[in-house]
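See structure below.
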Amino acid sequence: MTTTASDNPVKKLLRTERMPSIWCPGCGIGTTVNCFARALAESGKNLDEVAIVSGIGCTGRVAGYLNLDSFHTTHGRALPFATGLKLANPRLNVVVYSGDGDLTAIGGNHLIHAARRNLDLLCICVNNLTYGMTGGQETPTTPTPAIASTAPYGAFEPTFNLPHLAASSGASYVARWTTFHVRQIAKSIREALDRNGFRFIELISPCPTLFLRRNRLGEAIDEMRFYRENSTVKNLADTREAELSHRGQILVGKFVDRKRPTWREAYQARHAEVLGGRFLSWDGPENGSDDGPRGPGEGDE
Amino acid sequence: MRPDPNCLMTGRLFIDGDHACSEGAIAAGCRFAAGYPITPSTEIIERLALRFPLVGGTFIQMEDELAASITAIGAVWGGAKALCVTSGPGFSLMMEHLGYAAMTETPVVFVDVQRGGPSTGLPTLPAQADMMQARFGPHGDCRFIALCPNSPQECFDLTIEAFNLAERYRVPVLLMMDEVVGHMTERVVIPPADAIDIEPRRYTDRAPGDFRLFEPREDLVPDMCRAGQGHRVHVTGLTHDERGYPVLNAAAQDRLIRRLRDKIEKNADRIIRLEEKGLEGASVAVISYGITSRVAERAIELARAAGVQVGSLRLITAWPFPADRVRRLAQEVAAIVVPELNLGQMVLEVERAVAGACPVISVDHAGGAVHPPERILDAILRAAKEGRPSSLGRSA
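Those protein sequence lines, which keep their order, are chains A and B. All residue numbers for the first sequence refer to my numbering, where the first residue is 41 and numbers rise by one. All residue numbers for the second sequence refer to my numbering, where the first residue is 4 and numbers rise by one.
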């Protein structure tokens, strides 16, 4: 306890009046939030135009602790909420921040379609390999044969390789780090904030209370050592190599960084091509009355 | 305020109720729609996909109705007026987000073009069997406004009304169409822009730091904002305080949930719209809504020809339910007949309001077609015979 809140550089980005957070001691989510806040502060973005959208679960509570326009939505549906938010106000920088259960199980369909559409969203997925909020159940990322409360004899289902899922679905930017890699996380988020399209960052994070303890893997500090000793950085690696296994090697790095037209760019290009001057683009609520954009004719050549 | 005249198809059109709904949305200032195809509502999103790029709107076809409904909600917080459109099974999938919209007080419009159910039911045939779902569908106590058009013209008019009510009360509004009204083609008159009233979103005029997103005005409705205005608001489906911060205890729940109820119930007189025909001196009243009210008109005509004094009370607003009016009506008539395309839904609410003051005769129908008018006629004739003498209970 050497640093006080007042001299913490990320303080202005946090709703400190809501602290302490609900997260357990040793949980990695707060670490990722610290990295995110640093990256956002460094980015120079107008914070009034950054919105954060979470689903449900431990990571789903991130939105509530950030001093931004924040939306705590329904379970699995942060991405479609963010889709509407972003398309209605394209000036916003919209960040979806949620967990592995929320984004890849109940919200898995939205994840692949958001990537396919290349919606202009930054999606941060904190992967703690379990459902924390509800007590440590199995998720699509729980490795075989880890113990979970709904897999008491050990998980046996194959898992999702999230970087590969995002990349093969069409994401523009894909990276993975562990919460040991705090500088790399901040750098990656900082970089992704300046990219367009669907950007997916997986952050492997310890759940000491429900995953480590149940699997007799020690404390959070032991997991940091594990991450340090078992992570291999391989930028632009083939995402097929990024499969995780129980206590196996963790491939980290920036795997994908490519330019594809975003949903809105494709929407505008298509309609401008077919409709010419008759196409009227929605550019956000501030570009006209609160109920509609400019009158027709402005797009005329 | 008025709609943009350049976006309106002012004039006389010959279109179906689905298309009229789309034009109503455009007139109301809706510029965002999220959809997922489902019969018999699909024509609404098809027309919006065609029309929106010409009027500065955005349509996106989502991967399912869960996505479509919350995408529309997200668009509202981005600053657009938005709707989502569905039927039967899709309406069931949207329930969680109807509840989320109620809890977060999001002014958004849900359109349900009702078809036979449950489950896949009768995709291309009518029903009015989602009426209780429109009241009690989501988990938890919540209130909505639900409107029931009975013609393509009303699909246009009430879509505008739905958006206006959503803004006025910061509440999700349901347009409860049915397959027949949706697919029926009739003349629809789209008025000029200066004849259409549009409710603008009531954005706060308070400075950032001084605005509480869930602090109600005197009418129990809070002002609105959108993302990007600097208010740094928090919106959650959790029970919350006036700042929007989660407060998970009984006192906060009581305060919030009662206000969400009261802002609709206490404004019910201003919200409710009814159509009354021939109730003066009537001994029998028919209470109906949507397409069934059109069928009931024929039955009423036949009953009058047979010498029965029968009038009609049409529910343009189904929720909040016009309990006071029905209670008074029960004092004025000998019996009430309630035809609807379900096995008895709104009739339960009629019975609750009537509270035994007069007989209530349900004319149910499992859906798949409209009633034969004769079934409603039979009920009216039976009501005229069995109802107590109208002089007994008549009050001033």
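We put the beta carbon where it would ideally sit given N, CA and C, even for glycine.
Outcome for residue i when other beta-carbon atoms lying within 10 angstroms are tallied against a minimum of 16
{"i": "L318 of chain B", "result": "buried"}
{"i": "I261 of chain A", "result": "exposed"}
{"i": "K84 of chain B", "result": "buried"}
{"i": "H142 of chain B", "result": "exposed"}
{"i": "L250 of chain A", "result": "buried"}
{"i": "D181 of chain B", "result": "buried"}
{"i": "D2 of chain B", "result": "Chain B is shown from 4 up to 399; residue 2 of chain B falls before or after that span and cannot be answered."}
{"i": "D330 of chain A", "result": "Since pLDDT at D330 of chain A reaches only 46, below the 50 mark, its modelled position is unreliable, and the value read off the structure follows with that caveat. By the neighbour-count rule (16 or more Cβ atoms within 10 Å), D330 of chain A is buried."}
{"i": "Y193 of chain A", "result": "exposed"}
{"i": "K299 of chain A", "result": "exposed"}
{"i": "V298 of chain B", "result": "buried"}
{"i": "L315 of chain A", "result": "exposed"}
{"i": "S394 of chain B", "result": "Note that S394 of chain B scores a pLDDT of 44, beneath 50, so its modelled location is shaky; the value from the coordinates is reported in the next line. Burial call: exposed."}
{"i": "R101 of chain A", "result": "buried"}
{"i": "A23 of chain B", "result": "buried"}
{"i": "K269 of chain B", "result": "exposed"}
{"i": "P375 of chain B", "result": "exposed"}
{"i": "P60 of chain A", "result": "exposed"}
{"i": "T127 of chain B", "result": "exposed"}
{"i": "F35 of chain B", "result": "buried"}
{"i": "M4 of chain B", "result": "exposed"}
Given residue i as reference, the closest of the options once Cα atoms are compared
{"i": "Y25 of chain A", "options": "A:L108, A:P60, A:G176 and A:D160", "result": "Because chain A here runs from 41 to 341, residue 25 of chain A falls outside it and cannot be looked at."}
{"i": "S138 of chain A", "options": "A:L127, A:P120, A:K126 and A:A186", "result": "A:P120"}
{"i": "V357 of chain B", "options": "B:D21, B:R328, B:G247 and B:I294", "result": "B:R328"}
{"i": "P160 of chain B", "options": "B:A130, B:D200, B:A132 and B:Q136", "result": "Looking at the sequence itself, residue 160 of chain B is Asp, so the reference to Pro does not match. It is B:D200."}
{"i": "E221 of chain B", "options": "B:R262, B:M135 and B:A52", "result": "B:R262"}
{"i": "R156 of chain A", "options": "A:T179, A:T123 and A:D88", "result": "A:T123"}
{"i": "S228 of chain A", "options": "A:L315, A:F111 and A:G293", "result": "A:G293"}
{"i": "L91 of chain A", "options": "A:V134, A:V222, A:E283 and A:H150", "result": "The identity of residue 91 of chain A in the sequence shown is Ala, whereas the question assumes Leu. Nearest of A:V134, A:V222, A:E283 and A:H150 to A91 of chain A, Cα basis: A:V134."}
{"i": "E46 of chain B", "options": "B:L332, B:V184 and B:I148", "result": "B:V184"}
{"i": "G314 of chain B", "options": "B:T320, B:L332 and B:M106", "result": "B:L332"}
{"i": "A369 of chain B", "options": "B:T109, B:P56, B:G120 and B:V111", "result": "B:G120"}
{"i": "F35 of chain A", "options": "A:R318, A:L151 and A:S83", "result": "The structure shown does not extend to residue 35 of chain A, since chain A is modelled only from 41 through 341, so no value can be given for it."}
{"i": "R117 of chain A", "options": "B:M97, B:V88, B:L86 and B:Q348", "result": "B:M97"}
{"i": "G210 of chain A", "options": "A:N158, A:P248, A:H221 and A:P185", "result": "A:N158"}
{"i": "L168 of chain B", "options": "B:R385, B:L150, B:S154 and B:M179", "result": "B:L150"}
{"i": "G38 of chain B", "options": "B:I63, B:S296 and B:A306", "result": "B:I63"}
{"i": "F220 of chain A", "options": "A:T199, A:L243, A:R131 and A:G95", "result": "A:L243"}
{"i": "I96 of chain A", "options": "A:G172, A:E269 and A:N74", "result": "A:G172"}
{"i": "V214 of chain A", "options": "A:F238, A:E197 and A:F200", "result": "A:F238"}
{"i": "L241 of chain B", "options": "B:P8, B:A104, B:T61 and B:L51", "result": "B:A104"}
{"i": "I379 of chain B", "options": "B:I364, B:G390, B:K388 and B:Q156", "result": "B:I364"}
{"i": "C64 of chain A", "options": "A:T114, A:H204, A:V296 and A:C98", "result": "A:C98"}
According to DSSP, residues forming a beta bridge with residue i
{"i": "T199 of chain A", "result": "According to DSSP, which records beta bridges pairwise, T199 of chain A is partnered with nothing at all."}
{"i": "M179 of chain B", "result": "B:D115"}
{"i": "M227 of chain B", "result": "B:Y206"}
{"i": "L54 of chain A", "result": "A:L106"}
{"i": "Q156 of chain B", "result": "Looking at the DSSP assignment, Q156 of chain B forms no beta bridge with any residue, so it has no partner."}
{"i": "F55 of chain B", "result": "BP columns for F55 of chain B are empty, so no partner."}
{"i": "G14 of chain B", "result": "B:I193"}
{"i": "D19 of chain B", "result": "B:T188"}
{"i": "R385 of chain B", "result": "Answer by DSSP bridge pairing: none, since R385 of chain B is not bridged."}
{"i": "W322 of chain B", "result": "B:A149"}
{"i": "Q64 of chain B", "result": "B:G38"}
{"i": "L424 of chain B", "result": "Here chain B covers residues 4 to 399 and nothing more, so residue 424 of chain B does not appear."}
{"i": "P60 of chain A", "result": "DSSP output for P60 of chain A lists no bridge partner at all."}
{"i": "I146 of chain A", "result": "BP columns for I146 of chain A are empty, so no partner."}
{"i": "G314 of chain B", "result": "B:A288"}
Cβ-heavy atom distance, residue i to the ligand FAD, below 7 Å
{"i": "G84 of chain A", "result": "With respect to small molecules bound, the structure shown includes none, and the ligand FAD cannot be examined in it."}
Positions along the segment 128 to 156 of chain A whose CB lies within less than 7 Å of some CB in chain B: The residues in question are A128, N129, R131, L132, N149, H150 and H153.
Give the residues from the segment 225 to 239 of chain B that approach chain A closer than 9 Å (Cβ to any Cβ), ordered along the chain. Of all residues in the segment 225 to 239 of chain B, only C228, R229, A230, G231, Q232, G233, H234, R235, V236, H237, V238 and T239 place a beta-carbon less than 9 Å from a beta-carbon of chain A.
Please list, in chain order, the residues of the segment 30 to 61 of chain B that have any C-beta partner in chain A closer than 7 Å. For the segment 30 to 61 of chain B, the beta-carbon criterion of a distance under 7 Å to any beta-carbon of chain A is satisfied by G32, R34, F35, A37, P56, L57, V58, G59, G60 and T61.
So within the segment 251 to 283 of chain B, which uninterrupted beta strand (DSSP E) runs reach at least 3 residues, ignoring any that extend past its ends? Runs found: 277 to 280.
Counting only Cβ-Cβ distances shorter than 8 Å, please list the residues of the segment 324 to 338 of chain B near chain A, keeping chain order. Per Cβ criterion, the list is empty.
Ordered list of alpha helix (DSSP H) runs contained in the segment 249 to 331 of chain A, each at least 4 residues: 260 to 270 and 303 to 315, all fully within the segment 249 to 331 of chain A.
Taking a Cβ distance cut-off of 7 Å, strictly less, list which residues of the segment 60 to 74 of chain B are near chain A, in chain order. Those would be G60, T61, I63, M65, E66, D67, L69, A70, I73 and T74, in chain order.
Whole beta strand (DSSP E) elements within the segment 153 to 240 of chain A, 3-residue minimum: Counting only runs of 3 or more, we get 162 to 167 and 213 to 218.
Contained beta strand (DSSP E) runs [length at least 3] in the segment 83 to 142 of chain A, N- to C-terminal order: Segments of the beta strand (DSSP E) lying fully in the segment 83 to 142 of chain A: 90 to 94, 109 to 112 and 133 to 139.
What residues in the segment 100 to 124 of chain B have a beta carbon less than 7 Å from any beta carbon of chain A? Of all residues in the segment 100 to 124 of chain B, those with a C-beta nearer than 7 Å to a C-beta of chain A are H100 and Y103, reading in chain order.
Closer than 7 Å, Cβ to Cβ, to anything on chain B: give me those residues from the segment 312 to 323 of chain A, in chain order. Answer in chain order: L315, R318, F319, L320, S321 and W322.
Beta carbons nearer than 9 Å to chain A: which residues of the segment 72 to 95 of chain B have them? The residues in question are S72, I73, T74, A75, I76, G77, A78, V79, W80, G81, G82, A83, K84 and A85.
Residues within the segment 93 to 111 of chain A neighbouring chain B, beta-carbon criterion of under 8 Å: V93, A103, G104, N107, L108, D109, S110 and F111: these are the residues of the segment 93 to 111 of chain A whose beta carbon lies less than 8 Å from some beta carbon of chain B, given in chain order.
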